[in-house]
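Report on the structure given below.
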Amino acid sequence: MDTDQANKQTSLALILAIAGILVAAGAGVGVFLLAHSAGLNLLVLALALVAGGLAFAATYLAGKAKESVLPGQAGRQSADLAAVLGWLGVIAAGWSLLYRLALMAPDTEVQTLLGLGEVVQTLLLIVAGAAAISGLTYLILGVIFKSRHALPFTLLAPAIVGLCLLVVYPMGYEVRLAFSNMSLRHFKDPTYALAEGWQNFKEVFTEPVLKQVHFFPLFLRTVLWTAVQVPFHVLGGLLLALLLNRPMKLRGLYRALLVIPWALPPIVAILAWRGEFHYEYGFLNIMLRGLGLAAVQWKSNPTANFIAMNIVNIWLGIPFMMVILLGGLQSIPGELYEAAEIDGATWGQQFRKITWPLLQPVLTPAIILGVIWTFNNFNVPFFINENELESSDILVTALFRAAFQYNQYGFAAAFAFVIFFILLGFSIFYINTTGALRGVTESAPATRRRRFSLRLGGSKGGSEK
Amino acid sequence: MSELPVRGFFKRSRGDSPFARILIHLALILACVITVYPALRVISVSLRPGDRLLSTDLAIIPPDATLGNYVAVLTGAFPSFLWNSLIITVSTAVFGVILAATSAYAFSRWKFPGRGPGLVFLLATQMIPAAMLTVPIYILAVRLGLFDSYRGLVLAYSVSSIPFSIWILKGYYDTIPVDLEEAAMIDGASRITAFVKVILPLSTPALAIVFLFNFMTAWNDYLLARIMLQKEALQTWTIGLTRMQGQFQTQWGQFAAASVIVSIPVMALFLYSSKWLISGLTLGSVKG
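Line by line, the protein sequences are chains A and B. Under my numbering, the first residue of the first sequence carries the number 5, and numbering increases by one thereafter. Under my numbering, the first residue of the second sequence carries the number 35, and numbering increases by one thereafter.
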């Protein structure tokens, strides 16, 4: 195909794309404006349909045009632009169509489609906001200040703003709450004072956090919970990863079955397990009785309930570690083992001298994350503890109850900071001892190339099919 | 799968004696039974007819299996919960991946002021107990009028998994040699074009994993949804499901059927992306 024709197609595609977007935008505006009027429905629908058709034609033509233009030529970029604009048009038209249809539907159940409208509106707002933030950053840093850091900050800006909205600002608010007496009684007229904060932090350690249980038993239970869980996850995951890390029959099937606890929605898994802790009909008790042992009161006996929590979370947590460690094992070069074998090393020596040390880069961050996630695990202790035994609460579930069942917002905020600083302290200590993040702050792009070309070979070993 | 170069501790496949091989298979089968059995029990309960829900029978497929529970769930209020979850989840997951993909690229390829502290900050956000931010987010949502609407939830989910996603993606980008982009840029591509056309296609495994995690975070979330949504018409399936298993009366059959239904999309997504699961999760590159 010759270039002239391609260029013609490209310009046609561009025109069509712009037309499609304009019509789609018209339909969209029409949907907004006419949202509550009875008439003109058909007009808006027709408009949206035409817009969608135009936009789709635009993407089709753009695709055709692209086939005939060599990469790097001017026409190529316009074709790309036309394709993107075209797809945006299709999406906009489709959305206005759906929204209008939902508005027209007399059936209240179909009105749930309106939820889609709300979600899409919100998303469009977020996308527009993100684009505006990026553009503004680039304008300020790149055009006005001519900073050489303009591009990375442009890329980062939306995420930074988002995290400020969702994390930094609420954290600041939480600090303020911790220094207030905010509770259900004082929801509208809280007093903020240093003395209130002092009172809150003092109460965390001196008064019962819930009805009876104090801070230190809760803390010790949380530590025990973490100290039981993480070794089980790591050792279980390591064992399975070692078993799976070989060419063998049914390997894919085993792996697929073994990740099921991770793949199941946690709420489903936990509620299903909670059902299985039923005294009469749960399979654990049925099996215990079958073995001639006494059935256990999983839900009302404090010790048994704590054990139940642990069983569920071990079951849930092993697959993640298995997958992470399998990845780590596959990135260890096989030549090391061959060399070790030639030197007559036993497999115990190979494990101690090769596998374990070379797994550390994978293991250390995995353990940090494992500890943090277990320490902060909310769902398992919260749901398995169906009878709300205070003896099964760990710090975070106690925090949730203090906030939302006892409505002590100020106190809960202070309590939350205590938990956060415990974790932060642990992580800093662990990172300093193991040097897990040593590379993070100092690695410059220049030093990276060599190191990572090595690693690319490693990660290729895992990308299998 | 047999031709892939598996290395590691037990790499000598032909070196394993038949006895060792049988032991390994036995151990793996035992592990599979332990992981699968509780899930199978749910399916089993969902197939039981209404009058035999509570039974001490351990058979997986009950002799009088019926799909009645599924019909009951799908004609009741549950599809509305599912629909709510689905639209929120898919849209926020897509958006979260886009945000994380660009930010991670900045962290991977440039040295700029605040880079190190930024990465440490992202890790520190993981230490915030989820229940900690619920109080201020709840109060803020009430005051900003985001309570009981999708807006607050969509905003929150889009951002909430960004820190973890950035870590994963940065680790993966780090494994891609800079030379590739430089070559593209010599051919006249801009930095952004090089990123979109060279780096993103090469990062498919990591992007798939990040999408999966984003999807799972939003799809499985209970805490935020419970706090932000009070109207039943807006609530997501996690709330609907926990309500089905009430403290005093549980409709076991319907609960199990609903559980199976909500698990299907996630399991399908998970199995589909499992071929990328191991290569995409390069936690080890954290060191670089």
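Glycine included, C-beta positions come from ideal geometry on N, C-alpha and C.
For residue i, would you say it is in contact with chain B, using Cβ-to-Cβ distances shorter than 9 Å as the test?
| i | result |
| --- | --- |
| lysine 469 of chain A | Because lysine 469 of chain A carries a pLDDT of 29, less than 50, the predicted location of this residue cannot be relied on, and no value is offered for it. |
| arginine 225 of chain A | no |
| histidine 190 of chain A | no |
| histidine 153 of chain A | yes |
| alanine 343 of chain A | no |
| glutamate 178 of chain A | yes |
| proline 174 of chain A | yes |
| methionine 252 of chain A | yes |
| threonine 437 of chain A | no |
| glutamate 200 of chain A | no |
Counting only beta-carbon atoms, is residue i nearer than 9 Å to chain A?
| i | result |
| --- | --- |
| alanine 252 of chain B | no |
| valine 107 of chain B | no |
| lysine 217 of chain B | A small correction: the amino acid at residue 217 of chain B is alanine; lysine does not occupy that position in the sequence shown. It does not: the Cβ of alanine 217 of chain B has no partner Cβ on chain A nearer than 9 Å. |
| glycine 152 of chain B | yes |
| leucine 174 of chain B | yes |
| isoleucine 196 of chain B | yes |
| phenylalanine 181 of chain B | no |
| alanine 127 of chain B | no |
| leucine 81 of chain B | no |
Taking 6 Å as the limit between beta carbons, can you name the residues of its chain near residue i, skipping five residues before and five after?
| i | result |
| --- | --- |
| glutamate 284 of chain A | none |
| glycine 146 of chain A | Ala154 |
| isoleucine 220 of chain B | none |
| glutamine 233 of chain A | Asn317, Thr378 |
| methionine 313 of chain A | Val384, Pro385, Ile388 |
| glutamate 215 of chain B | Ala228, Val232 |
| alanine 99 of chain B | Leu81 |
| alanine 324 of chain B | An answer regarding residue 324 of chain B cannot be provided, because it is not within the stretch 35 to 322 covered by chain B. |
| serine 307 of chain B | Ala242, Leu246 |
| tryptophan 302 of chain A | Phe281, Ala308, Ala312 |
| leucine 157 of chain B | none |
Is it buried or exposed for residue i, if we count other Cβ within 10 angstroms and need 16 for buried?
| i | result |
| --- | --- |
| methionine 326 of chain A | buried |
| threonine 437 of chain A | exposed |
| glutamate 342 of chain A | exposed |
| serine 199 of chain B | buried |
| phenylalanine 425 of chain A | exposed |
| valine 88 of chain A | exposed |
| isoleucine 63 of chain B | exposed |
| tyrosine 184 of chain B | buried |
| leucine 20 of chain A | buried |
| alanine 217 of chain B | exposed |
| glutamine 354 of chain A | buried |
| glutamine 334 of chain A | buried |
| arginine 189 of chain A | exposed |
| tryptophan 202 of chain A | exposed |
| arginine 143 of chain B | buried |
| glycine 512 of chain A | Within the shown structure, residues of chain A are numbered from 5 to 469, placing residue 512 of chain A beyond reach of any answer. |
| alanine 136 of chain A | exposed |
| leucine 57 of chain B | exposed |
| tryptophan 310 of chain B | buried |
| valine 107 of chain B | buried |
| proline 147 of chain B | exposed |
Just to confirm my understanding: we take residue i, look at its own chain, exclude 5 residues before and 5 after, and list those with CB closer than 8 Å. What are they?
| i | result |
| --- | --- |
| valine 208 of chain A | Phe219, Phe415, Ala418, Phe419, Val422 |
| leucine 340 of chain A | Ile358, Leu362 |
| proline 306 of chain A | Leu393, Ser395, Ser396 |
| leucine 189 of chain B | Leu180 |
| alanine 292 of chain B | Val107, Phe112, Trp271, Gly274, Leu275, Met278 |
Please go through the same chain and pick out, in chain order, the residues whose beta-carbon is closer than 7 Å to the beta-carbon of residue i, but skip the five residues on each side of it.
| i | result |
| --- | --- |
| alanine 406 of chain A | Val213, Leu214, Gln412, Phe415, Ala416, Phe419 |
| valine 244 of chain B | Val131, Ala134, Ser199, Ile202, Leu203 |
| leucine 181 of chain A | Tyr413, Gly414, Ala417 |
| asparagine 118 of chain B | Leu268, Gln269, Thr270 |
| proline 323 of chain A | Leu262, Val263, Pro265, Trp266 |
Kindly indicate if chain E contains any beta-carbon less than 9 Å away from that of residue i.
| i | result |
| --- | --- |
| valine 232 of chain B | The chain labelled as chain E is not found among the protein chains of the depicted structure, namely A and B. |
Any heavy atom of the ligand FAD closer than 8 Å to the Cβ of residue i?
| i | result |
| --- | --- |
| phenylalanine 304 of chain B | The model depicted lacks the ligand FAD and carries no ligand whatsoever. |
Enumerated in chain order, which unbroken segments of the alpha helix (DSSP H) with a length of 4 residues or greater are wholly contained in the segment 181 to 236 of chain B?
-> 184 to 194, 196 to 208, 212 to 220, 225 to 228
Should the segment 159 to 177 of chain B be called in touch with the segment 166 to 173 of chain A, which here means at least 3 C-beta pairs below 8 Å?
-> At 8 Å Cβ cutoff, the stretches touch.
What are the start and end residues of each continuous alpha helix (DSSP H) run of 4 or more residues lying completely inside the segment 86 to 138 of chain B, in chain order?
-> 102 to 109
How do the segment 250 to 262 of chain B and the segment 112 to 129 of chain B stand: do at least 3 beta-carbon pairs fall below 8 Å, yes or no?
-> yes
Tell me the start and end of each unbroken alpha helix (DSSP H) in the segment 376 to 412 of chain A that is at least 4 residues and wholly inside, in chain order.
-> The alpha helix (DSSP H) runs lying completely inside the segment 376 to 412 of chain A and spanning 4 residues or more are 383 to 388, 399 to 408, given in chain order.
4 or more residues per run - each alpha helix (DSSP H) lying fully within the segment 198 to 277 of chain A | 198 to 210, 219 to 248, 255 to 262, 264 to 267
Are three or more beta carbon pairs between the segment 365 to 377 of chain A and the segment 235 to 248 of chain A nearer than 8 Å?
-> yes
Would you mind listing the alpha helix (DSSP H) stretches within the segment 315 to 357 of chain A that are 4+ residues and don't spill past its ends, in chain order?
-> 338 to 346, 351 to 354
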